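There are 2 protein chains.
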Amino acid sequence: MTEDLMTIREMCETYDVTPRTLRFYEAKELLFPIREGQKRLFTKRDRARLKLILRGKRFGFSLEEIRQLLDLYHVGDQQLTQMSRTYEIACERLADMEARREELTQAIDDLKEQLRWGEKVIVSMKQEKKAAE
Amino acid sequence: MTEDLMTIREMCETYDVTPRTLRFYEAKELLFPIREGQKRLFTKRDRARLKLILRGKRFGFSLEEIRQLLDLYHVGDQQLTQMSRTYEIACERLADMEARREELTQAIDDLKEQLRWGEKVIVSMKQEKKAAE
DNA sequence: CGTTCGCATTACGTAAACGTCATCTGCATG
DNA sequence: CATGCAGATGACGTTTACGTAATGCGAACG
Numbered sequence: 001m002t003e004d005l006m007t008i009r010e011m012c013e014t015y016d017v018t019p020r021t022l023r024f025y026e027a028k029e030l031l032f033p034i035r036e037g038q039k040r041l042f043t044k045r046d047r048a049r050l051k052l053i054l055r056g057k058r059f060g061f062s063l064e065e066i067r068q069l070l071d072l073y074h075v076g077d078q079q080l081t082q083m084s085r086t087y088e089i090a091c092e093r094l095a096d097m098e099a100r101r102e103e104l105t106q107a108i109d110d111l112k113e114q115l116r117w118g119e120k121v122i123v124s125m126k127q128e129k130k131a132a133e
Numbered sequence: 001m002t003e004d005l006m007t008i009r010e011m012c013e014t015y016d017v018t019p020r021t022l023r024f025y026e027a028k029e030l031l032f033p034i035r036e037g038q039k040r041l042f043t044k045r046d047r048a049r050l051k052l053i054l055r056g057k058r059f060g061f062s063l064e065e066i067r068q069l070l071d072l073y074h075v076g077d078q079q080l081t082q083m084s085r086t087y088e089i090a091c092e093r094l095a096d097m098e099a100r101r102e103e104l105t106q107a108i109d110d111l112k113e114q115l116r117w118g119e120k121v122i123v124s125m126k127q128e129k130k131a132a133e
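Line by line, the protein sequences are chains A and B. For the first sequence, my numbering gives the first residue as 1, with consecutive numbering after it. For the second sequence, my numbering gives the first residue as 1, with consecutive numbering after it.
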């Protein structure tokens, strides 16, 4: 069935994006679908990249930042020096992400505390209301 | 010194934003500086809100989403029904954030694996180079 | 064989989140 | 008193990330 290649429509349904979005990502060199005549055919690689793009977006990365991140995932043909540089960048990114998770954890804890507080307020408001009746 | 009130300039330096940004946030009802004549004076509350705004931005929330989140933090005057609704929204947000953290953890693990792989490649490339000499 | 479908390209439009510029205004200071 | 800031207020510009026609084109279908 999906013999490793997907049409634009299949991609859209699978990943819940519009055709326009996929074409846009191609224009921005985030995806590189092959062409059968005019039509685009998206490979396994494109799909992996798209998943990473969507994930990146959910964390507030710009498409340009995501493009740089994506480059970390298709290393293999590069020179040693390039490779090492890429490796360094990836390490930095990793540190970023771990810091982000720390912050997110903090935010979650904060919100949880607010919720506990809100819960108490709601309960006491209910009590008041009852007493007033 | 900072007798609980800060000028726009002080805010900018403290939080590394531009005046325009602060005015913009006020226009969007994210901040409510008090006025001394014309001038804005930012309170402790504004500063707490700004910190949350900046944090939210780092996680890719839109300003509108952030505004809703901020409302969760100044509850207290609301009616019970409003309050309960707010509470529900907050719970959903919390779930979002926890899901986000899950995803982030996954992303971190993925990248770590890539790094281990990259490390191996680099080592083998160095070996090759050595052998070639 | 005409038409509909799916996909393509080109081009203009739009919402969000500010940047930038021009102009105005108190106020402090030499 | 002139003048120079710090901050205010529009108003228009800009970038990002697509949306939305308008138009064209090859294959498939009735």
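Virtual Cβ for every residue (Gly too), placed ideally from N, Cα, C. As the structure is a prediction and not an experimental result, all values here were calculated from the model.
- Using the beta-carbon of each residue, which ones in chain B are nearer than 9 Å to L115 of chain A? The count along the first sequence starts at 1 and reaches residue 115 of chain A at position 115. In chain order: L72, Y87, A90, C91 and L94.
- Query: For E29 of chain B, which residues from the same chain have a beta carbon less than 7 Å from its beta carbon, with the 5 sequence-adjacent residues on both sides left out?
  - Reply: Reading the second sequence from its first residue, position 29 is the one you call residue 29 of chain B. R67.
- Give the secondary structure of L41 of chain A by DSSP, where H, G and I count as helix, E and B as strand, and everything else as coil. Your numbering for residue 41 of chain A matches position 41 in the first sequence. Residue state, collapsed to three classes: strand.
- Query: Counting pairs of Cβ atoms below 8 Å between the region 111-129 of chain B and the region 10-23 of chain B, do you hit three or more?
  - Reply: no
- Bounding residues of the alpha helix (DSSP H) (the contiguous stretch that carries E98 of chain A): Taking the first residue of the first sequence as position 1, residue 98 of chain A is located at position 98. Residues L80 to A132.
- Item | Coil, strand or helix - E29 of chain B by DSSP | Taking the second sequence and counting its residues from 1, the one referred to as residue 29 of chain B is at position 29. In this structure, E29 of chain B counts as coil in the three-state DSSP scheme.
- Can you tell me whether G37 of chain A is buried or exposed, with buried defined as 16 or more other CB within 10 angstroms of its CB? One-based indexing of the first sequence puts residue 37 of chain A at position 37. With fewer than 16 other Cβ atoms within 10 Å, it is exposed.
- Cα-Cα separation, A48 of chain B to F32 of chain B: Along the second sequence, one-based indexing puts residue 48 of chain B at 48. Along the second sequence, one-based indexing puts residue 32 of chain B at 32. For A48 of chain B and F32 of chain B, the distance between alpha carbons rounds to 12 Å.
- Message: Residues in the same chain with beta-carbon distance under 6 Å from T43 of chain A, minus the five sequence neighbours each way, listed in chain order, please.
- Response: By 1-based counting over the first sequence, the position of residue 43 of chain A is 43. If we look at T43 of chain A and ignore the five residues flanking it on each side, it has no Cβ neighbours.
- List the whole-angstrom C-beta distance separating L52 of chain B from Y15 of chain B, where the pair is believed to meet the contact cut-off of C-beta under 8 Å. Stepping through the second sequence from its first residue, residue 52 of chain B is reached at position 52. Stepping through the second sequence from its first residue, residue 15 of chain B is reached at position 15. At roughly 12 Å, the Cβ-Cβ gap does not stay under 8 Å, so L52 of chain B and Y15 of chain B are not in contact.
- Item | Sequence-distant residues of its chain with Cβ nearer than 8 Å to T2 of chain A (five each side left out) | Against the first sequence, residue 2 of chain A aligns to sequence position 2. With a pLDDT of 44 at T2 of chain A, under the threshold of 50, the modelled position of this residue cannot be trusted; read the value that follows with caution. Sequence-distant Cβ neighbours of T2 of chain A in its own chain, meaning closer than 8 Å and more than five residues away, are E10.
- 9 Å Cβ cutoff, R100 of chain A in contact with chain B: Taking the first residue of the first sequence as position 1, residue 100 of chain A is located at position 100. Yes, contact with chain B.
- Item | Span of the alpha helix (DSSP H) around T14 of chain B | Position 14 of the second sequence, counting from 1, holds the residue named residue 14 of chain B. Per DSSP, T14 of chain B belongs to the alpha helix (DSSP H) from I8 to Y15.
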